[in-house]
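Enquirer:
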Amino acid sequence: MTKEAPIAALLEALRSSPRFLITSHARPDGDAIGSVIAMACILDQLGVESVVVLADSIPQVYRTLPGIDRVHLSTDVRLVEPDPNVPVIVLECDSIARTGLAGLEGRRLINIDHHASGKNFGDLNWIDEHASAVAAMVYRIARAGGLDIPPAMAACLYTAIISDTGSFTYPSTNLETFAMAHDLVRRGADPNRVARDIYFSNPESKIRLLGAALSNLRKDGTIAWSWITTPEMEQVGAGAEDCEGVVNYLIGIAGVESAVFLRELPGDQFRLSIRSKGGLDVARVAEKFGGGGHRSASGCTIDGPLEDATYRILQGLREQRKAGLC
Ligand SMILES: [Mn+2]
14 MTKEAPIAAL LEALRSSPRF LITSHARPDG DAIGSVIAMA CILDQLGVES
64 VVVLADSIPQ VYRTLPGIDR VHLSTDVRLV EPDPNVPVIV LECDSIARTG
114 LAGLEGRRLI NIDHHASGKN FGDLNWIDEH ASAVAAMVYR IARAGGLDIP
164 PAMAACLYTA IISDTGSFTY PSTNLETFAM AHDLVRRGAD PNRVARDIYF
214 SNPESKIRLL GAALSNLRKD GTIAWSWITT PEMEQVGAGA EDCEGVVNYL
264 IGIAGVESAV FLRELPGDQF RLSIRSKGGL DVARVAEKFG GGGHRSASGC
314 TIDGPLEDAT YRILQGLREQ RKAGLC
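Per our numbering, numbering of the sequence shown is gapless, rising by one per residue and ending at 339.
(1) So is the beta-carbon of D141 under 8 angstroms away from any non-hydrogen atom of ligand 1?
(2) So, G60 versus T172, is the Cβ gap smaller than 9 angstroms?
(3) Write down every uninterrupted run of the alpha helix (DSSP H) in the stretch 149-191 whose length is 4 residues or greater and which is fully enclosed by it, in chain order.
(4) Is it buried or exposed for T15, if we count other Cβ within 10 angstroms and need 16 for buried?
(5) Restricting to runs no shorter than 3 residues, where is the beta strand (DSSP E) found entirely within the stretch 58-111?
(6) Pick out whichever of M150, N261, L27 has its Cα sitting closest to the Cα of T182.
(7) Do you know how far the Cα of G258 is from the Cα of I71?
(8) Quick one: Cα of D126 to Cα of L137, how far?
(9) Between N205, A226, A149, which lies nearest to L189 when the distance is taken from Cα to Cα?
(10) Select from D89, L56, L78 the residue whose C-alpha is nearest the C-alpha of D69.
(11) Bridge partners of R32, per DSSP?
(12) Select from D203, R111, P318, D141 the residue whose C-alpha is nearest the C-alpha of G280.
(13) By the 10 Å Cβ neighbour count, where 16 or more other Cβ atoms means buried, how is H341 classified, buried or exposed?
(14) Identify which residue in G224, F274, P31, A202 has its Cα closest to the Cα of M166.
(15) How many Å lie between G113 and S87 at the Cα?
(16) State yes or no: is the beta carbon of E332 nearer than 9 angstroms to at least one beta carbon in chain B?
(17) Are F283 and T314 touching if we call contact CB-CB under 9 angstroms?
(18) Just to confirm, does V147 get its C-beta within under 8 angstroms of one of the non-hydrogen atoms of ligand 1?
(19) Starting from the C-beta of D107, find all residues in its chain whose C-beta is less than 8 angstroms away, skip the five residues before and the five after it, and write them out in chain order.
(20) Kindly indicate which three-state DSSP category D136 falls into: helix, strand or coil?
(21) Does the beta carbon of E257 fall short of 8 angstroms from some heavy atom of ligand 1?
(22) For a test of your reading of the model: does the CB of A299 fall under 8 angstroms from any non-hydrogen atom of ligand 2? Yes or no.
(23) Hey, could you find the ends of the beta strand (DSSP E) A237 is sitting in?
(24) Use the C-beta contact count for I220: other C-beta atoms within 10 angstroms, 16 or more gives buried, fewer gives exposed.
(25) For ligand 1, is there a heavy atom less than 8 angstroms away from the beta-carbon of A51?
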């Protein structure tokens with residue numbers, strides 16, 4: 014199949030229904046949020062109605078995105094779109110469970126994803142693990158369909174790309190990423206405004222949480238890790254979204270090749286964010302624990318207590334390192 018074939022099939026599918034539901038993963042990031050809004054803009058232009066729904070709240074730094082008020086928050090799609098015949102566009106999920114939404118079972122699904130751990134769970138599937146963001150795939154759909162990318166849509170796609178490439182620094186960053194960014198800025202995305210919104214609009218609780226998390230920093234050889242417990246989060250008034258990005262400080266240490274941040278969840282479980290500098294495939298490590306992601310950025314959930322969870326993930330990383338050396 015050529016690269017263009019799935020896009021042609023997708024455009025045909027998008028024109029085949031008068032209405033779509035659009036969603037992405039639970040705990041949405043910049044790519045998920047920017048891409049669902051941009052996808053709604055595509056459907057607007059095709060004369061197709063759309064309803065956007067996400068299971069979890071929008072992190073503060075993305076609340077100024079143009080079109081953000083199109084996003085409904087609900088954990089049950091039936092409350093937002095009761096008609097089970099309305100097909101669903103699912104962006105960057107490896108299953109319907111990943112959306113965090115109830116009521117998707119039995120609906121017609123279009124699955125668009127850029128994760129190496131992506132799965133063909135939809136009725137129509139397009140997975141491109143080389144795309145630097147799912148926004149890059151949404152952009153390609155718009156371009157292939159000869160559609161307009163107005164400034165508001167360009168800002169959403171640009172925000173998605175910036176956040177998913179670590180501001181053009183992750184290994185997935187390629188020529189296409191820059192060509193797209195160039196085009197989006199030409200079409201009205203404002204790089205300074207986006208940077209200000211994403212990097213200089215953090216809630217105070219996030220910075221205080223960072224301090225608490227970094228005070229738990231541990232290092233063994235090329236692995237760095239840290240954690241945050243529920244009482245520590247409560248002490249600084251932080252929520253789950255304040256933990257986004259903490260792991261990037263750990264992988265930022267010279268000589269460190271892989272890093273893990275563990276956040277305590279209710280029920281004695283821990284949510285892990287795992288990173289590498291590209292040498293170690295941390296998606297493979299996360300998959301061993303039922304998670305997934307990319308070669309250099311992945312995540313999973315492990316049972317506590319903290320000491321056990323830490324031991325198991327460090328073992329997982331060491332084993333993957335050995336496997337990589339063979
Ligand atoms: Mn993404």
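Glycine included, every Cβ here is placed at the ideal spot set by N, Cα and C. From a predicted model like this one, the values you see are computed outputs, not experimental measurements.
Expert: Inspection of the coordinates gives the following:
(1) As a working note, residue 141 is residue 128 in the sequence shown. The closest heavy atom of ligand 1 lies 8 angstroms or more from the beta carbon of D141.
(2) Position 47 of the sequence shown, counted from the start, is the residue given in the question as residue 60. Position 159 of the sequence shown, counted from the start, is the residue given in the question as residue 172. T172 sits away from G60, with the two beta carbons spaced by 9 angstroms or more.
(3) 164-177
(4) The count along the sequence shown starts at 1 and reaches residue 15 at position 2. Its pLDDT being 45, under 50, T15 is placed unreliably in this model, and the value from its coordinates should be taken loosely. By the 10 Å Cβ count, T15 comes out exposed.
(5) 62-67, 84-86, 101-104
(6) Taking the sequence shown and counting its residues from 1, the one referred to as residue 182 is at position 169. With distances taken between Cα atoms, T182 lies closest to N261.
(7) Locating residue 71 in the sequence shown gives position 58, counting from the first residue. Locating residue 258 in the sequence shown gives position 245, counting from the first residue. Near 15 angstroms, if we compare the C-alpha coordinates of G258 and I71.
(8) In the sequence shown, the residue the question calls residue 126 occupies position 113. In the sequence shown, the residue the question calls residue 137 occupies position 124. Roughly 11 angstroms separates the two Cα atoms.
(9) Indexing the sequence shown from 1 puts residue 189 at position 176. The amino acid at residue 189 is misidentified as Leu; the sequence shows Glu. The residue with the shortest Cα to Cα distance from E189 is A149.
(10) Here residue 69 refers to the residue found at position 56 when the sequence shown is read from its first residue. The shortest Cα separation from D69 among D89, L56, L78 belongs to D89.
(11) Numbered from its first residue, the sequence shown carries residue 32 at position 19. For R32, which the question treats as bridged, DSSP gives the partners E62.
(12) To locate residue 280, count along the sequence shown from 1; it is residue 267. When only C-alpha atoms are compared, the closest one is P318.
(13) Because the chain is modelled from 14 through 339, residue 341 falls outside the range shown and cannot be assessed.
(14) Mapped onto the sequence shown, residue 166 falls at position 153. Among G224, F274, P31, A202, the Cα nearest to that of M166 belongs to A202.
(15) As a first step, residue 113 must be located in the sequence shown, where it is residue number 100. As a first step, residue 87 must be located in the sequence shown, where it is residue number 74. Approximately 9 angstroms, taken between the alpha carbons.
(16) The structure shown has no chain B; it contains just one protein chain.
(17) The residue labelled residue 283 in the question sits at position 270 within the sequence shown. The residue labelled residue 314 in the question sits at position 301 within the sequence shown. The answer is yes: Cβ separation under 9 angstroms.
(18) Counting from 1 along the sequence shown, the entry for residue 147 is found at position 134. Yes; taking the cut-off as 8 angstroms, the Cβ of V147 has a heavy atom of ligand 1 nearer than that.
(19) Counted from its first residue, the sequence shown places residue 107 at position 94. Excluding positions up to five away in sequence, the list reads D126, H128, S130, G131, K132, F134, G305.
(20) Counted from its first residue, the sequence shown places residue 136 at position 123. DSSP places D136 in the coil class of the three-state scheme, outside both helix and strand.
(21) By one-based count along the sequence shown, residue 257 stands at place 244. E257 Cβ: outside cutoff for every heavy atom of ligand 1.
(22) As for ligand 2, it is missing from this structure, which binds only ligand 1.
(23) As a working mapping, residue 237 is identified with position 224 in the sequence shown. Counting along the chain, the beta strand (DSSP E) containing A237 begins and ends at 236-241.
(24) Locating residue 220 in the sequence shown gives position 207, counting from the first residue. Here I220 is exposed. Its C-beta has fewer than 16 other C-beta atoms within 10 Å.
(25) Along the sequence shown, one-based indexing puts residue 51 at 38. Checking every heavy atom of ligand 1 against the Cβ of A51, none is found closer than 8 angstroms.
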